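Written below as C-alpha cells is the structure these notes are about.
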Ligand code: ADP
Ligand code: MG
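In the numbering used here, the protein residues as written are 4 to 477.
Structure representation (C-alpha cells):
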C-alpha cells in the first residue's frame, strides 16, 4: 500500500471523531512522509500545526493508525514546508475523501443514531475511540473483568451472557464496556452494537411514549446483536423503564444476543429494582472491578504518559500513585492537572507541584511536603518499633505478629503492621516479607491493599490504625 493510500485510510478512521471544520483545519495539509517497520512520520505545514496536533490529537491519530495497521507502534510529526504548498503530491485530497466516507462507510446503516454498523473505518458515534481493550491497564483488581470482556468479544452471546460489571465510580466500567463493543465490531464489522447509558435509555422511552412511538422503540432494540447498557443503577425506581428493559432483555437473551451491563453494586444489592430483573442480571457472569493497587496505579500513570508522549520523572509518578488511591479517574485527573500546571509554569512536573495540587485541590495531605515517598522513612522509626507498637496495642506478642499462626486475632494485627511499615516507612514489599518470617512479597501487597480498603469502610479498624499511628508519631 502506498503511503498515500495508508494515510487516506487513517484519515477515514479519524474523520468521524472530529467536527468537520476542525478536521479540515488540522488534517487538510498533512501527509505521511516516511514509514518504517513500526512507525510513520506525518508531515505538517508549520511548527504551530505540529505542536497542536501533537498536544491535542496525538492519541486519536495513533489509535487510527494502529487500527489501520497494527504494526505501527509510533507516530512522529515533522514540519515540512512542502505541505504549505497547495498542490503537494504528498497530500490526500480531503474533498474526495469526504465523499468516499459518505458512500462507503455509512453502508447499510439502518439507523445512524443507534447502530454502529460498519466495515473497516466505520466509527460509531457512541463507542469512543479512546477506549480499547489494549489500552486498559490490567492489574490484579480488574483482571477478571478484563478477561470476561475479552471472552465476550470473542464469543458474543456465549456463556458469559449477560455480562455484569460493577465497581465504584471511575474504575473503568465505561472504558471496558465500550472497548468490548468496539472489539466485537472489529471481529464482525457488520454486527449491530448498541451502547447507551441507562439514563439515555430512560429518556428515549419517555420520548417514545410522548410521541406514541413505543412500538418502534421496542422493535429497535430487540433486533441488535449486542446491547450494552451502562450504569443501570439509574433505573432505580423507574418501573416503566425497568419493565421495558426486562422485555428487551428477554428477547435478546432468548435469541442468544449478547447483553453487557454495568452498575455500581452487585445485582443483589440494587435498590428499587424488581426482583425478577435482579434475577436476570445475575444469570450470567458477574465481575467486580476493585480499586487499583499501587502497582496498577503506577502502571496506569506510565501508560497515560506514554500515550501523551510526555516524559515525567518516575518519582513524580510514584508520588501521585502513592497518594491518589480512590479511583482511576481521579488518578488520571491529577496527572493531567500536574502536566497542565507544569506547562503553564514552563517547568517540568515535580513532587512539590504534586504536593501543592493534592493539598489545595484534593484535600489530600502529602507528608513531608511532597518529598519522595521513599524519603518518608526519615520519620526516624524502625520496623521493630512499628511491630512493637502494634503488638502492644493489640495485646499480643511480637513473636506472634511475625510468626506463622493464621489465627484471626493475630492475622489482622499482622496485616495492620505490614500496612503501616509500607505506608509510613515505605520499605519494599520484599523487605517487609523477609521481616515477617520470609513471606512472599505478594502476601505483603495483599495485606497492604486489604487494610487500605478496609479502613475506608470499617470505622473501628480506622480508629485502631489512627491510634497506633498517633502513638508512633506518624
Ligand atoms: P467508570 O465508568 O467506572 O466510572 P471510566 O470507564 O469512565 O470509569 O474510567 C475513568 C477513566 O479512567 C477513563 O478515562 C478510563 O479510560 C480510565 N481508566 C480506568 N481504568 C483504567 C485502566 N485499567 N487502564 C487505563 N485507563 C483506565
Ligand atoms: Mg461510567
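Note that CB positions come from ideal geometry on N, CA and C, so glycine has one too.
Everything numeric in this text was worked out from a predicted model, so none of it was measured.
Inclusion of residue 155 and residue 263 in the CB contact set at 8 Å is warranted, their separation being smaller than that value. In this structure, residue 61 has its beta carbon at no less than 7 Å from each heavy atom of ligand 1. When secondary structure is reduced to three states using DSSP, residue 95 falls in the coil class, being assigned neither helix nor strand. Taking all protein chains in view, the Cβ of residue 217 is surrounded by fewer than 16 other Cβ atoms within 10 Å, so the residue is classified as exposed. Secondary-structure assignment with DSSP links residue 233 through a beta bridge to 200. In the DSSP annotation of this structure, the continuous segment of the alpha helix (DSSP H) that includes residue 454 starts and ends at 444-460. For residue 177, the Cβ falls inside the 7 Å cut-off from some heavy atom of ligand 2.
Taking the C-beta atoms as reference points, residue 144 is found nearer than 8 Å to residue 292. Only buried fits residue 174, as 16 or more other CB atoms lie within 10 angstroms of its CB.
Placement of the Cβ of residue 300 at a distance of 7 Å or more from every heavy atom of ligand 1 is found. In this chain, the alpha helix (DSSP H) harbouring residue 221 covers 217-224.
Scanning its chain for C-beta atoms nearer than 7 Å, with the 5 sequence neighbours on each side dropped, one finds around residue 100 the residues 11, 14, 15, in chain order. For residue 249, the enclosing alpha helix (DSSP H) covers residues 242-257. With respect to the C-alpha of residue 193, the residue from 227, 207, 220 having the closest C-alpha is 227.
Relative to ligand 2, even the nearest heavy atom lies 7 Å or more away from the CB of residue 278.
Residue side-chain check: residue 90 keeps its Cβ at 7 Å or more from all non-hydrogen atoms of ligand 2. Around the beta carbon of residue 4, fewer than 16 other beta carbons sit within 10 angstroms, so the residue counts as exposed.
Per DSSP, the unbroken beta strand (DSSP E) holding residue 77 starts and ends at 77-82. Around the C-beta of residue 433, fewer than 16 other C-beta atoms lie within 10 Å, and the residue is accordingly described as exposed. Here DSSP, grouped into helix, strand and coil, assigns residue 340 to helix. In the DSSP assignment, residue 47 is bridged to 82. Around the Cβ of residue 366, a 10 Å sphere holds fewer than 16 other Cβ atoms; the residue is exposed. Straight through space, the alpha carbons of residue 419 and residue 455 are spaced by roughly 9 Å. Residue 310 is positioned such that its CB atom lies closer than 8 Å to that of residue 62.
Bridge partners of residue 288 according to DSSP: 166. When C-alpha distances from residue 275 are compared across 245, 220, 47, the shortest belongs to 245.
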